[in-house]
Amino acid sequence: MISYIPNILLVNPWIHDFAAYDYWAKPVGLLYLASILREHGCNVAYVDCLNRFHPDIKKHTPSKTDGRGSYLKAVIPKPEGLEDIPRNYSRYGIPEELFRKDLSDVSKPDLIMVTSHMTYWYPGLFGTIRILRDTFPDAPVLLGGIYATLCYDHAVKYSGADRVFAGAGEKFILDIIKEFTGFAADMKFNAEEPDSYPYPAFDLENKIAFIPMLTSRGCPFSCSYCASGFLAPKRMLRTPESVINETVHWHEKYKVEDFALYDDAFLTDAKNHAVPILEGIIGTGIRVRFHTPNAIHIREITKQTADLMFKAGFQTVRLGLETTLFDKRSDLDRKVSEAEFYQAVLFLREAGFSKNQVGAYLLAGLPGQDTGSIIESIKTVRESGVTPIPAYYSPIPHTGLWEKAVLCSRYDLKNDPVFTNNAIFPCRNEGFSWEIISLLKKLSAE
């Protein structure tokens with residue numbers, strides 16, 4: 033135990049995958065913890081293995097003006113069992129030598145906290161932890177995040193972390209610090225009141241290309257393919273004033289123009305949440321761009337919400353459609369009807385959104401799904417006047433479709449999350465197919 037102010041190192045790990053791209057991806061949960069730790073007196077350092085803007089990178093990867101961009105990558109051996117996939121497998125993020133250099137530049141940590149993301153990205157996470165162990169052998173390594181929550185037993189057994197935590201870290205972060213370092217601080221926020229949280233510590237990044245925003249947590253729906261209800265079982269909403277103030281803060285202080293909404297249900301109860309937020313943003317007079325990579329619920333799109341979204345500066349609108357076989361979607365969700373989809377598209381187009389600005393996600397690779405149904409959905413979406421976007425299905429533990437996916441997959445999904453990778457079509461009987469991927473891409477782009 034220590035009696036002085038502890039040094040806490042927070043790390044965003046590498047990705048190991050067949051493909052990865054920065055679609056407004058940031059470890060917002062980890063950076064919330066960073067800001068909480070700073071507010072309570074800890075010394076905080078942050079190392080991002082996915083840093084696209086690392087100052088020592090001689091040639092930066094291509095970036096878009098809206099904040100998206102390519103990660104650096106290096107081809108590495110494929111995991112056991114995936115050798116037959118005819119694609120390169122890569123480590124995405126900064127080179128190992130830059131990671132080690134970044135670690136050498138921070139004060140010796142008393143505690144290391146590592147986050148995790150997709151379940152099948154764990155090989156990159158494990159590689160990150162090995163280097164942390166090698167560099168700081170005396171510092172306890174704690175693991176949290178999505179993979180740690182969804183695949184807790186696997187993480188405990190194989191990750192190499194001293195402790196694995198499931199669920200939202202804000203609730204127990206100060207208890208963890210006290211347990212591992214002896215440093216105690218009176219809580220200055222309420223974990224059940226998101227308005228009381230300090231803003232995430234994006235200032236720890238050397239360049240802020242965009243800001244992820246969480247205006248709410250949790251989702252009132254229980255879609256069979258989604259783990260939102262398991263990851264965030266309690267629905268918590270920020271006040272509109274809090275969201276508006278944070279948007280203005282990042283725009284005025286750091287000149288940020290692009291904001292990605294991470295909500296799973298931004299438009300739910302729109303009249304009390306989204307509508308006052310959008311009206312408030314418009315009222316500030318700031319000119320910013322909003323993007324919805326997590327999709328918005330189609331049923332909640334009205335003429336009012338569509339008009340307000342357009343006036344507030346929404347540029348990338350993604351719809352959670354999943355399929356156009358409306359009479360057969362009850363096994364997936366009950367979010368939208370055919371009439372509601374076409375009505376929402378009409379409202380969005382009348383508000384001023386172009387076909388390229390509005391995209392509808394369509395699930396591909398579901399258990400028992402035939403290619404013909406995906407093709408039919410793509411054609412229907414194109415005819416509606418918006419862009420079809422195939423979203424390849426990844427089986428997720430603790431979801432309604434999980435057991436069905438386990439039964440139909442040719443891989444051992446239960447014992448190794450690496451096989452849940454959507455890039456390999458884990459639930460398709462015929463296995464991976466470049467032909468199918470190329471066909472879906474071609475039809476979507478026509």
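Quick note: the sequence shown uses the numbering used here, first residue 33, plus one each step.
Quick reminder that beta carbons are idealized off the backbone N, C-alpha and C, glycines included.
Inset, instruction - Could you tell me the distance, in whole angstroms, from the CA atom of G397 to the CA atom of S260? - result: Residue 397 sits at position 365 when you count from the first residue of the sequence shown. Residue 260 sits at position 228 when you count from the first residue of the sequence shown. For G397 and S260, the distance between alpha carbons rounds to 20 Å.
Legend entry - Cβ contact (3+ pairs, closer than 8 Å) linking the stretch 362-373 and the stretch 311-331: yes
Legend entry - CA nearest to the CA of I209, picked from I37, N326, D365, L439: The sequence position of residue 209 within the sequence shown is 177, counting from 1. By alpha-carbon distance to I209, the top candidate from I37, N326, D365, L439 is I37.
Legend entry - Proximity to A193 [Cα-Cα], best of K96, A241, C258, D166: The residue given as residue 193 occupies position 161 in the sequence shown. Answer by Cα proximity: D166.
Inset, instruction - With a threshold of 16 other CB atoms inside 10 Å of the CB of M341, please say whether the residue is buried or exposed. - result: As a working note, residue 341 is residue 309 in the sequence shown. With 16 or more Cβ atoms within 10 Å of its Cβ, M341 is classed as buried.
Inset, instruction - Find the nearest neighbour of L157 within the set K411, N453, A187, judged by alpha-carbon distance. - result: Looking up residue 157 in the sequence shown gives position 125. Out of K411, N453, A187, A187 has the C-alpha closest to the C-alpha of L157.
Legend entry - Extent of the continuous alpha helix (DSSP H) to which G404 belongs: Stepping through the sequence shown from its first residue, residue 404 is reached at position 372. G404 -> alpha helix (DSSP H) spans 403-416.
Legend entry - Residue of F379, R321, P141, A306 minimising C-alpha distance to V173: Locating residue 173 in the sequence shown gives position 141, counting from the first residue. Minimum Cα distance to V173 is reached at P141.
Inset, instruction - Could you tell me which residues DSSP pairs with E284 in its beta bridges? - result: Counted from its first residue, the sequence shown places residue 284 at position 252. None, per the DSSP bridge assignment.
Inset, instruction - Kindly give me the distance between the Cβ atoms of I309 and T247, rounded to whole angstroms, as I take these residues to be in contact under 8 Å. - result: Locating residue 309 in the sequence shown gives position 277, where the first residue counts as 1. Locating residue 247 in the sequence shown gives position 215, where the first residue counts as 1. I309 to T247, Cβ: 6 Å. Contact.
Legend entry - Counted within 10 angstroms of its Cβ, other Cβ atoms place R460 as buried (16 or more) or exposed: Here residue 460 refers to the residue found at position 428 of the sequence shown. Buried is the call here.
Inset, instruction - Could you say which of A223, I243, E289 lies nearest to K266 if we only look at CA atoms? - result: Numbered from its first residue, the sequence shown carries residue 266 at position 234. Here the closest residue by C-alpha is A223.
Legend entry - Meets three-Cβ-pair contact criterion under 8 Å: the stretch 90-106 and the stretch 58-75: no
Inset, instruction - Can you give me the start and stop residues for the alpha helix (DSSP H) that M219 sits inside? - result: As a first step, residue 219 must be located in the sequence shown, where it is residue number 187. Per DSSP, M219 belongs to no alpha helix (DSSP H) and is neither H nor E.
Inset, instruction - Apply the 10 Å Cβ neighbour rule to Y55 and answer buried if 16 or more other Cβ atoms are within range, or exposed otherwise. - result: Indexing the sequence shown from 1 puts residue 55 at position 23. Under this definition Y55 is an exposed residue.
Legend entry - Rounded distance between the beta-carbons of F262 and H430, thought under 8 Å: Numbered from 1 along the sequence shown, position 398 holds the residue referred to as residue 430. Numbered from 1 along the sequence shown, position 230 holds the residue referred to as residue 262. Sure, about 4 Å apart at Cβ, within 8 Å.
Inset, instruction - Could you check which residue in V79, T324, T348 has the C-alpha nearest to that of F385? - result: Working through the sequence shown from its first residue, we reach residue 385 at position 353. Nearest of V79, T324, T348 to F385, Cα basis: T348.
Legend entry - DSSP beta-bridge partners of D42: One-based indexing of the sequence shown puts residue 42 at position 10. One point to set straight first is that residue 42 is Leu, not Asp, in the sequence displayed. Answer is Y78, M145, bridged to L42.
Legend entry - Nearest-angstrom Cβ-Cβ length linking Y152 and V450, presumed shorter than 8 Å: Position 120 of the sequence shown, counted from the first residue, corresponds to residue 152. Position 418 of the sequence shown, counted from the first residue, corresponds to residue 450. Between the beta-carbon of Y152 and that of V450 there is about 5 Å, and that keeps the pair under the 8 Å contact cut.
Inset, instruction - Grab me the residues of L42's own chain with a C-beta within less than 6 Å of its C-beta, minus the 5 sequence neighbours each way, in chain order. - result: Here residue 42 corresponds to residue number 10 of the sequence shown, with the count starting at 1. Only L62, A66, Y78, M145 meet the Cβ criterion.
Inset, instruction - Would you identify the three-state DSSP class for Q375, choosing helix, strand or coil? - result: Taking the sequence shown and counting its residues from 1, the one referred to as residue 375 is at position 343. If DSSP states are grouped into helix, strand and coil, Q375 belongs with the helices.
Legend entry - Cβ pair G400, R350 closer than 8 Å: Residue 400 sits at position 368 when you count from the first residue of the sequence shown. Residue 350 sits at position 318 when you count from the first residue of the sequence shown. Contact: no.
Legend entry - Length of the line joining the Cα atoms of D8 and F212: The structure shown has nothing for residue 8, since the chain only spans 33 to 478.
Inset, instruction - Write down the C-beta distance between V280 and I318 rounded to the nearest angstrom, noting that I regard them as a contact closer than 8 Å. - result: As a working mapping, residue 280 is identified with position 248 in the sequence shown. As a working mapping, residue 318 is identified with position 286 in the sequence shown. 6 Å between Cβ atoms; contact.
Inset, instruction - Consult DSSP for L310 and reduce its assignment to one of helix, strand or coil. - result: To locate residue 310, count along the sequence shown from 1; it is residue 278. Helix at L310.
Inset, instruction - Mind checking which residues open and close the beta strand (DSSP E) that includes D49? - result: As a first step, residue 49 must be located in the sequence shown, where it is residue number 17. Unbroken beta strand (DSSP E) run through D49: 47-49.
Legend entry - Complete runs of the alpha helix (DSSP H) confined to the stretch 104-177 [at least 4 residues]: 128-137, 154-167
Legend entry - Residue of P169, A455, Y231 minimising C-alpha distance to A423: Position 391 of the sequence shown, counted from the first residue, corresponds to residue 423. The residue with the shortest Cα to Cα distance from A423 is A455.
Inset, instruction - Helix, strand or coil for L472, going by three-state DSSP, please let me know. - result: In the sequence shown, residue 472 corresponds to position 440, counting from 1. Note: L472 maps to helix in three-state DSSP.
Legend entry - A392 - partner residues in DSSP beta bridges: In the sequence shown, counting from the first residue as 1, residue 392 sits at position 360. L351, P420, per the DSSP bridge assignment.
Legend entry - Collapsed DSSP secondary structure at H323 in the structure displayed: Position 291 of the sequence shown holds residue 323. Of the three classes helix, strand and coil, the one that applies to H323 here is strand, per DSSP.
Inset, instruction - Assign V196 to one of three DSSP states: helix, strand, or coil. - result: By 1-based counting over the sequence shown, the position of residue 196 is 164. Of the three classes helix, strand and coil, the one that applies to V196 here is strand, per DSSP.
Legend entry - Close Cβ partners of N44 (< 7 Å) along its chain, the five nearest in sequence each way excluded: Here residue 44 refers to the residue found at position 12 when the sequence shown is read from its first residue. Closer than 7 Å at the Cβ level, and outside the excluded window around N44, lie P59, L62, D80, C81, L82, T147.
Legend entry - Residue burial classification, E354 (beta-carbon count within 10 angstroms, cutoff 16): Translated into the one-based positions of the sequence shown, residue 354 becomes position 322. The residue is buried, with at least 16 neighbouring Cβ atoms inside 10 Å.
Inset, instruction - Just confirm the distance between the C-beta atoms of I421 and L394, as a whole number of angstroms; I'd bet it's less than 8 Å. - result: Locating residue 421 in the sequence shown gives position 389, where the first residue counts as 1. Locating residue 394 in the sequence shown gives position 362, where the first residue counts as 1. Indeed, because the Cβ distance is near 7 Å, the residues count as touching under 8 Å.
Legend entry - Euclidean distance between Cα positions of L293 and H323: One-based indexing of the sequence shown puts residue 293 at position 261. One-based indexing of the sequence shown puts residue 323 at position 291. Approximately 6 Å, taken between the alpha carbons.
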